[in-house]
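The structure appears below as structure tokens.
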Amino acid sequence: MRLLIGGSSSKFFHLKDFADELENLGIECKLVHDTDFADGYPSRKLSTWLKRNNKFENLINDFKPDIIFVDRQRHFGLEALKYNIPLFVYLRGNYWEEMKMAKKTLYSSPPKKLAINKWDDIGSQVFQGSKIILPICKHLE
325 MRLLIGGSSS
335 KFFHLKDFAD
345 ELENLGIECK
355 LVHDTDFADG
365 YPSRKLSTWL
375 KRNNKFENLI
385 NDFKPDIIFV
395 DRQRHFGLEA
405 LKYNIPLFVY
415 LRGNYWEEMK
425 MAKKTLYSSP
435 PKKLAINKWD
445 DIGSQVFQGS
455 KIILPICKHL
465 E
């Protein structure tokens with residue numbers, strides 16, 4: 325079995341430990357920074373908003389994963405859904421309450437509202453398209 329793991333740089337060391345343990349169980353893993361292969365609006369990198377990114381497609385074609393695992397609901401997960409490869413989403417905390425709070429506080433100005441609404445839309449698509457959501461919380465009970 326081949327598992328492609330796309331993760332954020334701030335959680336990479338945890339994901340590395342996770343991948344190492346899975347490798348010990350005979351699962352071949354490839355761990356990548358998600359934004360190196362899939363990014364777009366509302367990223368701060370304006371250059372990623374409009375151009376087509378072949379990096380993700382090349383990653384899929386080269387590694388040929390059986391499963392894709394993401395640690396957040398962003399563009400990497402959206403790209404994964406295009407390939408009909410089972411997507412597993414790692415869920416920390418109560419995503420929906422965090423989004424609601426962010427909309428009321430940090431992201432209440434008009435430009436930031438656009439960004440948070442887009443992130444929420446991406447998150448909804450990733451959750452809807454995922455095969456499994458793996459929570460480390462009790463918010464899905």
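Going by the numbering used here, the letters in the sequence shown line up with residues 325 to 465, in that order. Backbone N, C-alpha and C define an ideal beta-carbon position, used for all residues, glycine too.
Pick from Thr429, Asp358, Tyr407 and Glu345 that is closest to Gly331, judged by C-alpha positions: Asp358
Any chain C beta carbon closer than 9 Å to Ser334: Among the chains in the structure shown there is no chain C, since it carries only a single protein chain.
DSSP bridge partner residues for Pro435 (one or two, in chain order): Beta-bridge pairing links Pro435 to no other residue.
Backbone CA spacing between Ala404 and Phe412 [nearest angstrom]: 10 Å
Proximity of Leu415 and Ile446 at Cβ, strictly below 9 Å: no
Contained beta strand (DSSP E) runs [length at least 3] in the region 389–440, N- to C-terminal order: 391–394 and 411–415
Test item: CB-CB of Cys353 and Ala343 under 9 Å: yes
Proximal residues to Asn385 (C-beta, below 7 Å), its chain only, five neighbours per side dropped: Taken in chain order, the list of residues that qualify is empty.
Own chain partners of Leu339 with C-beta closer than 7 Å, once the 5 adjacent residues on each side are dropped: So the qualifying residues of the chain are Ile329, Gly331, Leu355 and Asp395.
Cα-Cα separation between Asp444 and Met325, rounded to whole angstroms: 31 Å
Cα-Cα separation between Trp373 and Gly350, rounded to whole angstroms: Caution applies to Trp373, whose pLDDT of 48 falls short of 50 and renders its modelled position unreliable; the value that the coordinates give is listed next. If I take the Cα positions, the gap works out to 38 Å.
Simplified DSSP state of Lys354, which is helix, strand or coil: If DSSP states are grouped into helix, strand and coil, Lys354 belongs with the strands.
Within 9 Å, strictly: CB atoms of Asn441 and Lys427: yes
Per-residue DSSP class, three states only, for Leu370: Only weak support exists for where Leu370 lies, its pLDDT of 49 falling under 50; the value from the coordinates is given anyway. Helix at Leu370.
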